[in-house]
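Numbering of the sequence shown is given in this note's numbering, commencing with residue 2 and proceeding in unit increments. All C-beta atoms, glycine included, are put in the ideal place defined by N, C-alpha and C. Data block below; observations after.
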Amino acid sequence: MLSRALRRKCPRCGAGAFVSYYRLREHCPRCGLQFEREEGYWVGALIINTVITFGVFLAIFVGGMVLTWPEVPWTGLMVVTVSAMAIVPVAFYPLSKTVWMALELSWHPLEPEEVSQASERSAHPG
Numbered sequence: 002m003l004s005r006a007l008r009r010k011c012p013r014c015g016a017g018a019f020v021s022y023y024r025l026r027e028h029c030p031r032c033g034l035q036f037e038r039e040e041g042y043w044v045g046a047l048i049i050n051t052v053i054t055f056g057v058f059l060a061i062f063v064g065g066m067v068l069t070w071p072e073v074p075w076t077g078l079m080v081v082t083v084s085a086m087a088i089v090p091v092a093f094y095p096l097s098k099t100v101w102m103a104l105e106l107s108w109h110p111l112e113p114e115e116v117s118q119a120s121e122r123s124a125h126p127g
């Protein structure tokens, strides 16, 4: 599931999960999985995105300091770090949604009712 999620696909069947780079479908066009399983579902994706963003920040900032010590170019390091902090969360957010779906499905499999609803949606798309 994680492999499919890392390709921005439905973690259940591998079909396209997105209409555009940022616009996620309501449910999978192939297997019928409803992507937002409950109210507040995307908080997990937000947490994943935040953790990745902080990890990138630490890698750039600490890595930049370690690689250039003792003559750290503070201005250049700040520009690179701030630029990354503006780009990474925006660029990674769609991927964080599919990764969250895969992780959440791995420890909270679909309930029987969700399986039947997904089957109904896939049998009668639209």
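Boundaries (first-last residue) of the alpha helix (DSSP H) holding residue i
i    : result
L96  : W75 to W108
E115 : P113 to A124
A46  : V44 to T69
R5   : L3 to L7
Residue i classed as buried or exposed, judged by whether at least 16 other C-beta atoms fall within 10 angstroms
i    : result
L3   : exposed
A103 : buried
W108 : exposed
H125 : exposed
Contact belief for residue i with residue j at Cβ below 8 Å, rounded distance in angstroms
i   : j   : result
V81 : I61 : 6 Å
R26 : P95 : Rounded, the Cβ-Cβ distance is 12 Å, inconsistent with contact.
V57 : A85 : 6 Å
Beta-carbon gap between residue i and residue j smaller than 8 Å
i    : j    : result
G17  : P30  : yes
R13  : C32  : yes
F19  : I53  : no
I49  : V89  : no
S97  : A46  : yes
L156 : A119 : The structure shown does not extend to residue 156, since the chain is modelled only from 2 to 127, so the question has no answer here.
Candidates the options, of which the one nearest residue i by Cα
i    : options            : result
L111 : E37, V20 and R26   : E37
Y23  : H125, V91 and S120 : V91
V83  : H28, W70 and G65   : G65
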